[in-house]
Amino acid sequence: MAVLRNRPYGNYNFLVDFGGGNGGFSEVIIPGIVIEVIEYRNGNDPENAVRKIPGTIKVPDVTLKRGLVGALDLYAWINDVRNGNGNAVRNVVIQLQSEDHTTTVWTWRLLRAWPSRYSFGPLIAKGKDVAIEEMALTYERLEIE
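Mapping of the sequence shown onto this note's numbering: residues 2 to 146, in sequence order.
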């Protein structure tokens, strides 16, 4: 449930739940909701301008990134999708936490989500960063609490 206050929350304390417990991620990108615009005009309209009507609603993919820790849970999930497992679709919950990690202050629910892309960051022999795995989640509806 959203908690109102005067000072904005930091973006660094969050949990991601795929239905089997919370996973740790370094970055979650939630692009939001997009409502396409339909432009329409009758030939006999007195104004030479179009009307703008709400069209199809789209929810762009959510991107999750985390350090490669050897866990195969993300791979197993996309492998279920690849192999046609009907149980691969899940509801995913992303929760923003308060600074002291005691309260959930904002919640995003991705309904009927499934992984549509799974990739890895570059491996560089002289690199100084951690190895990253990345997953894109496709879903049908976004709800916010």
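By construction, the Cβ of each residue, glycine as well, lies at the ideal position given by its N, Cα and C atoms. All values derive from a computational prediction rather than experimental measurement.
Closest to residue i by C-alpha separation, out of the options, would be which residue?
i    : options                   : result
L112 : D62, R67 and F15          : D62
G24  : K53, G68, Y41 and A50     : G68
A77  : W115, I36 and T64         : W115
Y119 : N80, Q98, M136 and E48    : M136
Y10  : L143, S27, S99 and Y140   : S99
S117 : R6, V82 and P55           : V82
Q96  : L73, V51 and R110         : R110
V70  : S27, Y140, E144 and L5    : S27
E144 : D101, P123, W107 and K127 : W107
I36  : V51, V60, I125 and N45    : V60
G56  : I34, P47 and A50          : I34
T103 : F15, E134 and N7          : F15
Looking at the structure shown, is residue i part of a helix, part of a strand, or coil, going by DSSP?
i    : result
D101 : coil
V35  : strand
A1   : No statement about residue 1 is possible, as the shown extent of the chain runs from 2 to 146 and does not include it.
Y41  : strand
D74  : helix
N80  : helix
R52  : strand
R6   : coil
N14  : coil
L69  : coil
G21  : coil
Label residue i either buried or exposed according to how many other C-beta atoms from any shown protein chain fall within 10 Å of its C-beta, with 16 as the threshold for buried.
i    : result
A3   : exposed
F121 : exposed
L138 : buried
Y41  : exposed
L65  : buried
Y13  : exposed
For the region 82-99 against the region 19-36, are there 3 or more C-beta pairs whose distance is under 8 Å?
yes
Complete beta strand (DSSP E) runs within the region 82-129 (minimum length 3 residues, chain order)
91-98 and 105-121
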